[in-house]
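Take a look at the structure set out below.
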Amino acid sequence: MTGSSNGVEKTIWDRLFTALVTAIYIFLMFPIVLVVLLSFNSGEFLAFPLEGFSLRWFEALFSNKRFLDATLYSIQIAATSTVVNGVIGTLAAIYVARHATMARDYIRLIMTAPLLVPEILTAIALLFYFYEIRIGTDYSIAIQIGHIVVTFPYVFLNVSSALFNFDRSQEEAARSLGAGGWMTFRRVTLPAIKPGIITGCLFAFVISFDIFNISLLLKSLGKNTLPLELFDYLRFNFDPTAAAIASLSIFMTFAAILIIDRTVGLRSLRF
Amino acid sequence: MSAVEAAPRVDSRGNRGSAAWMVVPALVLLIGFFALPYLTIITMSLREASTRAVYGDGFTLAHYTTALGDFYIWGILGRTLLIGATVTVISLLLGYPVAYHLAKSRSRWTSLLYIFVLSPLLVGLVVRTFAWMIILSNNGVANQALKAAGLIDFPLQLMNNSLGVTIALTHVFLPFIILPLLGNLQAISPDLAMASRSLGASRMRTFWKVTLPLSMPGIQAGTILVFVLSISAYVTPAMLGGTGGRTMSVLVVQYLVDNFRWPAGAALAIIMAAVAVIFVGLYLRLTARAMRRLP
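Protein chains in written order, with the numbering used here: chain B, 10 to 280; chain R, 984 to 1278.
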């Protein structure tokens, strides 16, 4: 509709529309850019004008043991969630796409259900449940299982969509040329759905690194993930160290986005 | 499709039983640690309160009757719904133009714009809410700018109230309405708008009579998603809502974590979920009626 390609001259409405859309894009990006800018600012306060470029807040961050511990803990939980879901999510997606017949819709529904309900309710449910089954939240097992449950659908959905787009006759060709089941899977199916697995796993990692409610209710005493540590820090402090943490988390997210964009393209993401 | 169906199913018919192991770990995870836990919210809400343990021996409906007879809780519930509805409407008004623009865009910047839409979604909630604290606090960026422009003498109260929560939640959940709308708009054949134009309808009329009605499913999906997400949000109201912007989720977590009143907190969580289900159900009926008029 917009414009010159149709040979229609730009009207005042086109210009207004472009201005409006530009403003909304700025609204979307502004807070994120702001945090990154302020984390490199040498001034004491989270405010403008910027005083100069400095890495002092990152130094403050890296010399803070609590933040380092929290970062490592978050990475540990996110990596475990990613590996576990990478295996069981991929297997489940293959089963649903290839083998499930009668209960397929129900299986698919339960596989995506953690995405369809608010995270806070799942967190509350798991808090009660772990108490009732006498596991409690004294160990990392509760928070870890919570993260695996919430990030599971991302792997399942992305692998499912890769399988859906994959031409099955290639597998049959391999079979008819004498390849066994495992050989066919390893040499034909797996390479074809690898982009879906990578995207799903990256997604699971980023989401697990970021989620808050599950961690808040299921954490064991004194062990904070990075978002929890930042949340606690901001209760009593409001300084650029917090911006430095936020910046690091933003860089990590953008690295993931770039990898996804380069490998499979952002438009193939499934939520 | 038909080629796939007609091809001999090498392993699905003969060995279906042997393939079932593939889905077992996932089912164990989601039944054992998702479906069953949801049942415990219901049982927990019916337990008697106890001062010495997490809950007492008997069962009771008292937590529901107490909560529903409490004006304070009604007030918080009303505020939560009002914030949810406002965020949903504003997100639709801001999200639709962006989705429309992205769907039509042919420029090589499209994928950059796509990153603009997607990245807020993937940056953590605490980080995004923190960014809004920097903007909305009393000597924050917004008040600084307004003062520098000579529009105000004293800082405006932009956070620790519903206003701040509404602004930040709109930013947080805007991508969730843009993405379903984008998928929907991209699926509409451009021929339809072209036909409408060639039959003499203005671009405005074409939009109102063709594009907008056809994008109703995307609007429906996106608005429900944003509504449910914003009434159940915890981080944003907890960080910048203060007492003036306290919502149901904040109250529930306070019951569970600070006051250690698990049964009463469970009842509040179920009331919140029930209200959400009722509202979404009503909304589905209303929009279904509007969508039935579609060609």
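Note that the Cβ used here is the ideal one computed from N, Cα and C, for glycine as well.
Counting only runs that start and end inside the stretch 1040-1093 of chain R, there is no beta strand (DSSP E) element of at least 3 residues.
For S258(B), the neighbours in chain R by C-beta distance under 8 angstroms run, in chain order, V1106, G1107 and V1110. Bounds of any alpha helix (DSSP H) do not take in H108(B), whose DSSP letter is neither H nor E. In this structure, P1158(R) lies away from L29(B), with their beta-carbon atoms at least 8 angstroms apart.
Contact between T80(B) and L235(B) is confirmed by a C-beta separation of about 5 angstroms, below the 8 angstroms threshold. Under the Cβ distance rule, H156(B) does not count among the residues neighbouring chain R, no pair being separated by less than 8 angstroms. The stretch 1250-1263 of chain R and the stretch 1041-1050 of chain R touch, with three or more beta-carbon pairs separated by less than 8 angstroms. For the pair T1112(R) and M1222(R), the CB atoms are nearer than the 8 angstroms cut-off.
The shortest CA-to-CA distance from A1250(R) to any of T27(B), F137(B), S90(B) and F260(B) is the one to F137(B). Three or more beta-carbon pairs separated by less than 8 angstroms link the stretch 103-112 of chain B to the stretch 166-175 of chain B, which places the two stretches in contact.
Under the three-state reduction of DSSP output, F49(B) falls in the coil class, being neither helix nor strand. Think of a sphere of 8 angstroms around the beta carbon of Q1140(R): no beta carbon from chain B falls inside it, the nearest being about 17 angstroms out. The C-beta distance from N222(B) to A132(B) rounds to 4 angstroms, short enough to fall under 8 angstroms. With a threshold of 8 angstroms between beta carbons, M1027(R) makes contact with chain B. Note on geometry: alpha-carbon atoms of V1218(R) and R177(B) lie some 44 angstroms from one another. Close CB contacts of I116(B) within its chain, under the 6 angstroms cut and outside five residues either way in sequence, are with V105 and A109 (chain order). When K1192(R), T1206(R), S1145(R) and G1123(R) are compared, the shortest CA-CA separation from L1162(R) is found for T1206(R). Closest by C-alpha distance to T1230(R), out of L1168(R), S1213(R) and W1245(R), is S1213(R).
For F62(B), the pairing in a beta bridge is given by DSSP as N50(B).
The residue from M261(B), A252(B), R271(B) and I269(B) with its alpha-carbon nearest to that of P40(B) is A252(B). Taking the C-beta atoms as reference points, H156(B) is found no nearer than 8 angstroms to I97(B). Cβ-Cβ distances below 7 angstroms link A1125(R) to I1118, L1119 and L1141 in the same chain, with the five nearest sequence neighbours on each side left out; the list follows chain order. Apart from sequence neighbours up to five positions away, the residues of its chain that approach A1082(R) with a beta-carbon distance below 6 angstroms are I1161, L1164, L1165 and L1168, ordered along the chain.
Excluding sequence positions up to five before and after A1184(R), its CB lies less than 6 angstroms from no other CB in the same chain. Cβ-Cβ separation between I1059(R) and L1234(R): approximately 6 angstroms, consistent with a contact (criterion under 8 angstroms). Counting along the chain, T250(B) sits inside the alpha helix (DSSP H) bounded by residues P249 to T272. When rounded, the separation of the alpha-carbon atoms in R244(B) and W1245(R) is 24 angstroms. Comparing alpha carbon positions, the residue from G61(B), L225(B), E180(B) and A134(B) closest to I1014(R) is A134(B). F212(B) is classed as buried because its beta carbon has at least 16 other beta carbons within 10 Å across all chains shown. Taking a C-beta distance under 8 angstroms as the contact criterion, F263(B) and S1102(R) qualify as a contact pair. In the three-state DSSP reduction, R75(B) falls in the helix class (H, G or I).
Put simply, the CB of P1080(R) is near chain B, with a gap under 8 angstroms to one of its CB atoms. F1016(R) places its beta carbon less than 8 angstroms from that of V158(B). Against V197(B), chain R offers no close residue; the least beta-carbon distance is about 12 angstroms (beta-carbon pairs closer than 7 angstroms). The stretch 212-248 of chain B is shown to contain whole alpha helix (DSSP H) runs of 4 or more residues at 222-227 and 235-245, in chain order.
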